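Report on the following structure.
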Amino acid sequence: MLRKKTFTGGVHPPEFKSEGEKKKVETCPAPKTAIIPVSQHIGAPAQPVVERGDTVKIGDVVAKAGGFVSAPVHATISGKVKKIEKRPHPLGQNVLSVIIENDQADEWNPDIQFDEQYEKQSTAEMIQRISAAGLAGMGGATFPTHVKVKPPDNKKIDTVILNGAECEPFLTADHRLMLEEPERVLKGLQLIMRILGAQTGLIGIENNKPDAVRVMKAKVNELGLPYKVTSLPVKYPQGAEKQLIKALKNRKVPAGGLPMDVGCVVQNVGTAAAVYDAIAYKKPLIERIVSVAGPAIKEPKNLLVRIGTPFAEVLECCGGPTEEMGKLIMGGPMMGLAQYTLDAPVIKGTSGLIAMKETQSFRPPETVCISCAHCVDVCPMGLVPKALGQFVKHERYNDAKSYHILDCIECGSCSYVCPAHINLVHLVKFGKLKVIEQQKKAG
Amino acid sequence: MDKKLVVSSSPHILIKESTPKIMYTVTASLIPAGIGAVYFFGIRALWIMLIGIVSAVITEFVIAKMLKKPVTVTDGSAVLTGLLLSYNVSVQVPLWMPAVGAFFGIAVGKMVFGGLGYNPMNPALLGRAFLLASWPAKMTVFDKAVPQGGTVSGIDMMTSATPLNVYKSSHEILANSSQYSIEKVQQANEALGKLYDSIEGLFWGKIGGCIGETSAALLLLGAAFLMYKRYIGWKIPFFYIGTVAVLSWIFGAPDSYFGGNVLFALFSGGLILGAFYMATDMVTSPVTFRGRIYFGIGCGVITFIIRRYGGYPEGVSYSILLMNLVAPLLDRYTQPKIFGGRKKK
Ligand code: SF4
Ligand code: SF4
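Heads up: the sequence lines are chains A and B, in that order. Using our numbering, the letters of the first sequence map in sequence onto residues 1 to 443. Using our numbering, the letters of the second sequence map in sequence onto residues 444 to 788.
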């Protein structure tokens, strides 16, 4: 069967990965002061369980989950809780954060140890460990992992897909992880499949990372695992859940549905590695790999960074930003968020920090739509972004809804190609909020 | 570091495209055909082109100023409109005509609606339609529009020398042969035969006609470049030309079915110019996949009907203008199927 392994639509932004992908992961020094926001995931914020003056060790819970769709957060350095107050958060606004002063002792919670029996644990215990470790999707979406591995009883999952596409320009963290620690990733996949009772394990990697494909394939063989590693055409947004399932499994998630509706669960490779740590070591999510890159960074690097490290310190570890820096993006340049302060900390979903030059920081002024249809051609969801943008501008939210605005995955491909420089995805995001608001009002 | 960071919404990188870049590239892709026209028709063709362009640009500039709107005349769209208009007139028109046509196209076809992006119809074609309706006699004089090297038809018995004219009048005669003298019928037969024998000449440009219509080869060269740049898609030209080809084959012969001369239908007249450069005008064509297919087919059907049964020998401009008007409707009813979606009930 010669089905092309891809999806329709999509764009080909320049990759900008050549420098970062060759850099081994280095460890960024632990911060002098860690800022740990209680909300680092989609869902209810966690609730602080420590007080000012408490002493904490690495891995201690500082805030417990605030509900089922929520995740605890942990101390990522040892030291004293200095304050619990609102601090700048990478997603904008100020968020309640636990501020810990580093005592430089680097003392770990003694419970975090290798459990030789880990593979024999019950599924319930495994899920419990994932939940206790505060795992949330590390590709950037930060949905709590324990919720994802526990679908409702009527949804049978047969396939677990590991997302190693890393389709955003500049980002190389997942690439390095697959090269350097393929075993952790694969063991994580094994555990996720066991929890879900899935038979098929698939790993999708864009073919601009042939070395990662090779290493992962070799490791799969070495461990004698039945997983399939697939090299996918380079196309943004290859790493979007629905597009990845279409490419690897040729199943289409119904509009408005979730991957579990077609028997699939998608996890980022970084999350899989963290699942392994959580179950085998009871190790909470206290650090992650961050790609630091961009034309305004002195020395691009892949860094293992403690969560809660302020951006300024992470950049410092790469020689700092150059004079020309005009913009700092958390995440990739297609979907990432521009930061207004370097005081915000690395959180569970910080896949990258991209420093752009000032000259590259402004969108050219918007001109009128010339109906070139480029946005329609690239939309991976089959929408008409041009029409959505116009509806939102004219506040015609009902029309926007009937044009399926809610199915937009906010990939930004439409804005990327628009020759009139209309920021369509921005309009669409705004329109989505309005439509949801209206729906709520209507009951 | 206390420098202010720029906060803007994603995406933070952009493709290197812009409206002016597209407009100037399309204009540039028309240059080979323009050079061809000067070669075939002489330097007068160049004057007509320049007059068309300058008049379009001045009109847009002055109107934008008068309406106190931002002046975007440098975006290249007026230049393109002026050039396309001049490609759509005979080299014999008085020199004031391209000026008037460009003025009308820009003023009434574009600025009245709010400028580029809001115009429902292709301004160049509207300008041409205005000229044709106002000065039909002047617009249809082609007797000296004979290219360097002679026309393929080499026919002087007809009042004009465009192949489509010859085709139409010969057809007329053959279809009602009883009413004409035997001599006439024979002449008509011969004329058609000569036309059909010289498709190659048509392809390279040895035909009388409008300035930009003559050389299919040079037009296709430019169009291929635009397709490579993805500034025009394949769907509209393909379905437009395909439809004309099929219909001409089935119904094109005077007295039988399935005997029409397809190549003649394709390379005579303004079909190539229209299908690749005017039907594909971004602003006035549909944006959806199926919409563009229907648009192409619609243009093809109307073109054929006008050529075969209408009062004019050529129907490319009118068919595109008519389809321009239904483009928004086509978009509305051909929304793409969304990913994972069922067909809308
Ligand atoms: S409309 Fe949404 S899904 Fe479609 S290209 Fe734009 S951002 Fe992506
Ligand atoms: S890409 Fe921009 S200019 Fe082109 S149709 Fe879409 S919104 Fe209009």
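The C-beta atom is built at its ideal place from N, Cα and C for all residues, glycine as well. Predicted model, so just to flag it, every value in this text is computed and none were measured.
Chain A within 8 Å of G739/B, Cβ atoms only: Within the second sequence, the letter at position 296 stands for residue 739/B. At least 8 Å separates the CB of G739/B from every CB of chain A.
Inside the region 294-323 of chain A only - alpha helix (DSSP H) runs reaching at least 4 residues: 311-316
Cβ-heavy atom distance, P385/A to ligand 1, below 7 Å: Sequence index remark: in the first sequence, residue 385/A carries index 385 (1-based). Yes, Cβ of P385/A sits closer than 7 Å to a heavy atom of ligand 1.
Distance between V449/B and V769/B (C-alpha atoms, nearest Å): For the purposes of this step, residue 769/B is taken as the residue at position 326 of the second sequence. For the purposes of this step, residue 449/B is taken as the residue at position 6 of the second sequence. Near 43 Å, if we compare the C-alpha coordinates of V449/B and V769/B.
Ligand 2 heavy atom lying under 7 Å from the CB of L773/B: Here residue 773/B refers to the residue found at position 330 when the second sequence is read from its first residue. No, since every heavy atom of ligand 2 falls outside the 7 Å radius drawn around the Cβ of L773/B.
Close-in-space but distant-in-sequence residues of the same chain around G431/A (CB under 6 Å, 5 per side omitted): For the purposes of this step, residue 431/A is taken as residue 431 along the first sequence, with counting starting at 1. These residues qualify, in order along the chain: V392, A400 and I405.
Segment limits, alpha helix (DSSP H) that includes N608/B: Against the second sequence, residue 608/B aligns to sequence position 165. P606 to A618 is the extent of the alpha helix (DSSP H) around N608/B.
Residues, ordered as in the chain, of the region 756-781 of chain B that lie near chain A by beta-carbon distance below 8 Å: Of all residues in the region 756-781 of chain B, those with a C-beta nearer than 8 Å to a C-beta of chain A are D774, Q778, P779, K780 and I781, reading in chain order.
Distance CB(A488/B)-CB(V481/B) smaller than 8 Å: Taking the first residue of the second sequence as position 1, residue 488/B is located at position 45. Taking the first residue of the second sequence as position 1, residue 481/B is located at position 38. Yes, the Cβ-Cβ distance between A488/B and V481/B is below 8 Å.
Span of the beta strand (DSSP E) around N163/A: As a working mapping, residue 163/A is identified with position 163 in the first sequence. It spans T159 to G164 - the beta strand (DSSP E) in which N163/A sits, taken as one unbroken run.
Three or more C-beta pairs below 8 Å linking the region 493-513 of chain B and the region 530-548 of chain B: yes
Any chain A beta carbon closer than 8 Å to T594/B: Residue numbering aside, residue 594/B sits at position 151 when the second sequence is read from its first letter. With a pLDDT of 48 at T594/B, under the threshold of 50, the modelled position of this residue cannot be trusted, and the question is left open.
Cβ neighbour criterion (16 or more within 10 Å) applied to H394/A: As a working mapping, residue 394/A is identified with position 394 in the first sequence. That one is exposed.
Bounding residues of the alpha helix (DSSP H) (the contiguous stretch that carries G92/A): Mapped onto the first sequence, residue 92/A falls at position 92. Where G92/A is concerned, there is no enclosing alpha helix (DSSP H), given that its DSSP letter is neither H nor E.
Test: P454/B CB closer than 8 Å to a CB of chain A: Within the second sequence, numbered from 1, the residue matching residue 454/B stands at position 11. With 8 Å as the cut-off, P454/B counts as an interface residue toward chain A.
Proximity test, I422/A beta-carbon vs ligand 2 heavy atom, cut-off 7 Å: Position 422 of the first sequence, counted from the first residue, corresponds to residue 422/A. Indeed, a heavy atom of ligand 2 lies less than 7 Å from the Cβ.
The region 155-172 of chain A / the region 194-206 of chain A touching (three or more Cβ pairs under 8 Å): yes
Where V516/B meets chain A, residues with beta-carbon distance less than 8 Å: Against the second sequence, residue 516/B aligns to sequence position 73. Residues of chain A passing the Cβ test: none, with the nearest at roughly 13 Å.
Cβ pair T123/A, L135/A closer than 8 Å: Here residue 123/A corresponds to residue number 123 of the first sequence, with the count starting at 1. Here residue 135/A corresponds to residue number 135 of the first sequence, with the count starting at 1. Contact flag unset, no.
Amino acids of chain A, ordered along the chain, whose beta-carbon sits closer than 8 Å to that of T731/B: Here residue 731/B is taken as the residue at index 288 of the second sequence, counted from 1. What T731/B touches in chain A: A373, V376 and V384.
Inter-residue CB distance, L526/B and E757/B (contact presumed, cutoff 8 Å): Numbered from 1 along the second sequence, position 83 holds the residue referred to as residue 526/B. Numbered from 1 along the second sequence, position 314 holds the residue referred to as residue 757/B. Their Cβ separation, rounded to whole angstroms, is 19 Å, which puts L526/B and E757/B out of contact at 8 Å.
Beta carbon proximity, L337/A to chain B, threshold 8 Å: Residue numbering aside, residue 337/A sits at position 337 when the first sequence is read from its first letter. So, interface residue.
Between the CA atoms of L706/B and G597/B - distance to the nearest angstrom: If you number the second sequence from 1, residue 597/B lands on position 154. If you number the second sequence from 1, residue 706/B lands on position 263. With a pLDDT of 43 at G597/B, under the threshold of 50, the modelled position of that residue is not reliable, and the figure given next carries that caveat. C-alpha of G597/B to C-alpha of L706/B: approximately 19 Å in a straight line.
Where E503/B sits in the DSSP three-state scheme: Here residue 503/B refers to the residue found at position 60 when the second sequence is read from its first residue. In the three-state DSSP reduction, E503/B falls in the helix class (H, G or I).
Chain B contacts from the region 296-322 of chain A (Cβ-Cβ distance under 7 Å): none
Close beta carbons around V500/B, own chain, < 8 Å, minus the five adjacent residues each side: The residue labelled residue 500/B in the question sits at position 57 within the second sequence. These residues qualify, in order along the chain: V516, A521, V522 and G525.
A420/A at chain B interface by Cβ criterion, 8 Å: Reading the first sequence from its first residue, position 420 is the one you call residue 420/A. Chain B contact via Cβ: present.
G67/A burial status per 10 Å Cβ neighbour count (16 or more: buried): Taking the first sequence and counting its residues from 1, the one referred to as residue 67/A is at position 67. Exposed, because fewer than 16 other Cβ atoms sit within 10 Å of the Cβ of G67/A.
Distance between beta carbons of F738/B and P729/B, contact taken as under 8 Å: On the second sequence, position 286 is the one that residue 729/B refers to. On the second sequence, position 295 is the one that residue 738/B refers to. Correct: roughly 5 Å between the Cβ atoms.
Residue interval of the alpha helix (DSSP H) (run including M216/A): Numbered from its first residue, the first sequence carries residue 216/A at position 216. Element bounds for M216/A: P210 to E222.
Short CB-CB distance (under 8 Å) between G263/A and chain B: Your numbering for residue 263/A matches position 263 in the first sequence. Not an interface residue.
Where the alpha helix (DSSP H) through H466/B begins and ends: Translated into the one-based positions of the second sequence, residue 466/B becomes position 23. According to the sequence provided, residue 466/B is Met. The question's His does not apply to it. Where M466/B is concerned, the enclosing alpha helix (DSSP H) stretches over T462 to S472.
Any non-hydrogen atom of ligand 2 within 7 Å of I370/A CB: Taking the first residue of the first sequence as position 1, residue 370/A is located at position 370. Flag set: Cβ of I370/A near ligand 2.
Assigned exposure category for V384/A - 16 Cβ within 10 Å defines buried: Residue mapping note: residue 384/A aligns to position 384 of the first sequence, counting from 1. Under this definition V384/A is a buried residue.
Neighbour flag for A46/A against chain B, beta carbons, 8 Å: Within the first sequence, the letter at position 46 stands for residue 46/A. A46/A does not count as touching chain B.
Neighbouring residues, chain A, relative to E503/B (Cβ below 9 Å): Numbered from its first residue, the second sequence carries residue 503/B at position 60. Those within 9 Å of E503/B in chain A number zero; the least Cβ separation is about 14 Å.
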